[in-house]
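Novice: Count the sequence shown with mature numbering (1 follows the signal peptide of the UniProt record, and there is no 0) and you get residues -32 to -1, 1 to 289, in order. Glycine is no exception: its CB is placed at the ideal position from the N, C-alpha and C atoms.
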Amino acid sequence: MEPKVGLIKKISLIVLAAVTLLTVTTSLQAQAATPYYDKSINQAVSYIKTKTSKNDLDAWDALAVKRSPKGMSSAAKKVFKKRLAAKFKSLDGHYAAVDYERSLIGAVSVGVKPTKYEGKNLVTGIIKTAPKSNAGINGKIWGAIALSTANYGKTSTKTVKTLIAQIVKAQNTQGGWAISGSVSDVDVTGMALMALGMHKTYPGVKTAIKRAESMLKKQAYHPSTGDFIIKNAFTNQANANSNALAIAGLSAAGINPETTFKGKGSLTPIRRLIKFQKTTGQFRWLFGRNTGALHMSTQQAAYAMEQYRYYRLNKGSIFKF
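1. Three or more C-beta pairs under 8 Å: does that hold for the region 105 to 116 against the region 161 to 181?
2. Just verifying my parser: in three-state terms, what is the DSSP assignment at Thr(-8)?
3. Thinking C-beta only, is Val91 closer than 9 Å to Tyr120?
4. Taking 8 Å as the line, does the beta carbon of Tyr170 fall inside it for any heavy atom of the ligand MN?
5. Compute the distance between the beta-carbons of Ser265 and Gln275, then report whether it is under 9 Å.
6. In chain order, what residues of the same chain lie with their CB nearer than 8 Å to the CB of Pro3, ignoring the 5 residues before and after it?
7. In whole angstroms, what separates the C-alpha of Ile9 from that of Ile177?
8. Could you name the residues of the same chain whose beta carbon sits closer than 8 Å to that of Pro37, not counting the 5 residues immediately before and after it, in chain order?
9. In chain order, what residues of the same chain lie with their CB nearer than 8 Å to the CB of Asn217, ignoring the 5 residues before and after it?
10. Among all the DSSP beta bridges, which residues are the ones paired with Tyr85?
11. Would you identify the three-state DSSP class for His190, choosing helix, strand or coil?
12. Which runs of the alpha helix (DSSP H) spanning at least 4 residues fall entirely within the region 131 to 164, listed in chain order?
13. Based on DSSP bridge pairs, tell me the residues matched to Gln245.
14. Can you check which of these residues, Ser41, Phe48, Pro225, is closest to Asn23 by C-alpha distance?
15. Under the rule that 16 or more other beta-carbon atoms within 10 Å means buried, what is Ile197, buried or exposed?
16. Let me know if Thr168 comes out buried or exposed under the rule of 16 or more other beta-carbons within 10 Å of its beta-carbon.
17. Tell whether a beta-carbon distance below 9 Å holds between Asn211 and Ala146.
18. Which value, in whole angstroms, describes the spacing of the CA atoms of Leu241 and Leu213?
19. Which value, in whole angstroms, describes the spacing of the CA atoms of Leu(-11) and Thr175?
20. What is the C-beta distance between Gly74 and Ala27, in whole angstroms, given that I count them as a contact (C-beta under 8 Å)?
21. Cutting at 7 Å between CB atoms, please list the residues of its own chain near Glu(-31), excluding the five before and the five after it.
22. In the DSSP assignment, the alpha helix (DSSP H) including Pro225 goes from what residue to what residue?
23. May I ask you to report which of helix, strand or coil DSSP gives Glu274?
24. Residues in its own chain within less than 8 Å of Pro171 by CB, not counting five upstream and five downstream?
25. Does Asn102 come out as helix, strand or coil in the three-state DSSP assignment?
26. By DSSP, does Asn211 sit in helix, in strand, or in coil?
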């Protein structure tokens, strides 16, 4: 009987070892399959949810949380709904195009109909204000993006076509965009690419995207550091915001920033962006400093990497709901 018992024990140990090995292997495979930027996104979103004052939460925070790998919990959605509604009410009826646009993006991020938002039709508001000259290039870019989050009817579609045409026309001779002046701005160019990337079949869009990509390669990207900087623009210093919006724009337009814009050694635009992140999950604006709009830097870095993640997963724009 003893040899038989010993054999059973031996078999049990072999089975246990096999199960343990399988568990460890599966765990390692899961870790290897998780993209390195997912960790950075999750840390940034965790910071937004746990460290940002509730009074400071806005539409961009809601978007970043919604599009993160873990998504938005029902508890977080409840908090965001309340805060976004309060921010909209605080405008006290004075709405510029960008106010309607930002509010619409926030509304769809928390699952609220933008056509019936706090007694206002945000879609109609954008249609009436975004195409006007006083809306500026920002108003046109975000108007096109906001109205493209879903199908809001024929008038909305017509307005999007008008806005996209205006954006294409506003592209400068260098191939970029700017708030004003003739010098391209990385941030605005990235935003424009996010809008154009949602409408590649529209007249002039593919050509505009190619020109913008070329401009970013020749004038903005610095392979030695992995940063996107244009001298004499808003800032001459490497910053997370410009890097983030360049990444978001390129990814939204179907261009892989990791392979198209390679840096020194293993450096890539996204790996460089992550170097701006602190251990808390928050992103610095300027490398190695804690000055500037860190809230905005964290938001933009998070949704830029989310847009790259969407590109890799063939999911299109993070703004398409």
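Specialist: So, to answer that:
1. Contact annotation: the region 105 to 116 touches the region 161 to 181, with at least three C-beta pairs closer than 8 Å.
2. Residue -8 sits at position 25 when you count from the first residue of the sequence shown. Its pLDDT being 40, under 50, Thr(-8) is placed unreliably by the model, and nothing is read from it.
3. What you label residue 120 is simply residue 152 of the sequence shown in a count that begins at 1. What you label residue 91 is simply residue 123 of the sequence shown in a count that begins at 1. Tyr120 is a Cβ neighbour of Val91, given a cutoff of 9 Å.
4. The ligand MN is absent from the structure shown, which contains no ligand whatsoever.
5. Locating residue 265 in the sequence shown gives position 297, counting from the first residue. Locating residue 275 in the sequence shown gives position 307, counting from the first residue. No, they are not a contact pair.
6. Taking the first residue of the sequence shown as position 1, residue 3 is located at position 35. Correct list, in chain order: Arg277, Arg280.
7. Locating residue 9 in the sequence shown gives position 41, where the first residue counts as 1. Locating residue 177 in the sequence shown gives position 209, where the first residue counts as 1. C-alpha separation (whole angstroms): 26 Å.
8. By 1-based counting over the sequence shown, the position of residue 37 is 69. Excluding positions up to five away in sequence, the list reads Asp6, Ile9, Asn10, Arg277.
9. Residue numbering aside, residue 217 sits at position 249 when the sequence shown is read from its first letter. Per the sequence shown, residue 217 should be read as Gly rather than Asn. Within the same chain, Gly217 has close Cβ partners Thr157, Gly158, Met159, Ala160, Leu161, Met162, Gly165, Ala180.
10. Start at 1 with the first residue of the sequence shown, and residue 85 comes out as number 117. Here Tyr85 is bridged, per DSSP, to Lys88.
11. The sequence position of residue 190 within the sequence shown is 222, counting from 1. Three-state result, His190: strand.
12. Complete alpha helix (DSSP H) runs here, min 4: 154 to 164.
13. By 1-based counting over the sequence shown, the position of residue 245 is 277. Answer by DSSP bridge pairing, in chain order: Phe251.
14. For this step, residue 23 is matched to residue 55 along the sequence shown. It is Phe48.
15. Position 229 of the sequence shown holds residue 197. Of the other Cβ atoms in all chains shown, 16 or more fall within 10 Å of the Cβ of Ile197; this residue is therefore buried.
16. Locating residue 168 in the sequence shown gives position 200, where the first residue counts as 1. In the sequence under discussion, the amino acid at residue 168 is Lys, which differs from the Thr named in the question. If you draw a 10 Å sphere on the C-beta of Lys168, you find fewer than 16 other C-beta atoms in it, and that means exposed.
17. Numbered from its first residue, the sequence shown carries residue 211 at position 243. Numbered from its first residue, the sequence shown carries residue 146 at position 178. No, these two residues do not count as a Cβ contact at 9 Å.
18. Here residue 241 is taken as the residue at index 273 of the sequence shown, counted from 1. Here residue 213 is taken as the residue at index 245 of the sequence shown, counted from 1. Whole-angstrom Cα-Cα distance: 11 Å.
19. Reading the sequence shown from its first residue, position 22 is the one you call residue -11. Reading the sequence shown from its first residue, position 207 is the one you call residue 175. Model confidence at Leu(-11) stands at a pLDDT of 45, short of 50, so the residue's coordinates are unreliable and nothing is read from them.
20. As a position in the sequence shown, residue 74 is number 106, starting the count at 1. As a position in the sequence shown, residue 27 is number 59, starting the count at 1. Yes, Gly74 and Ala27 are in contact; Cβ-Cβ is about 3 Å, under 8 Å.
21. By 1-based counting over the sequence shown, the position of residue -31 is 2. Below a pLDDT of 50, predicted positions are generally treated as unreliable, and Glu(-31), at 49, falls in that range; the measurement from the model is reported next regardless. Cβ neighbours of Glu(-31) beyond the five flanking positions: none.
22. Along the sequence shown, read from residue 1 onward, the residue named residue 225 stands at position 257. Start and end: 225 to 228.
23. Mapped onto the sequence shown, residue 274 falls at position 306. If DSSP states are grouped into helix, strand and coil, Glu274 belongs with the helices.
24. For the purposes of this step, residue 171 is taken as the residue at position 203 of the sequence shown. If we look at Pro171 and ignore the five residues flanking it on each side, its Cβ neighbours are Ala133, Val136.
25. As a first step, residue 102 is located in the sequence shown; it is residue number 134 there, counting from the start. Of the three classes helix, strand and coil, the one that applies to Asn102 here is helix, per DSSP.
26. Looking up residue 211 in the sequence shown gives position 243. If DSSP states are grouped into helix, strand and coil, Asn211 belongs with the helices.
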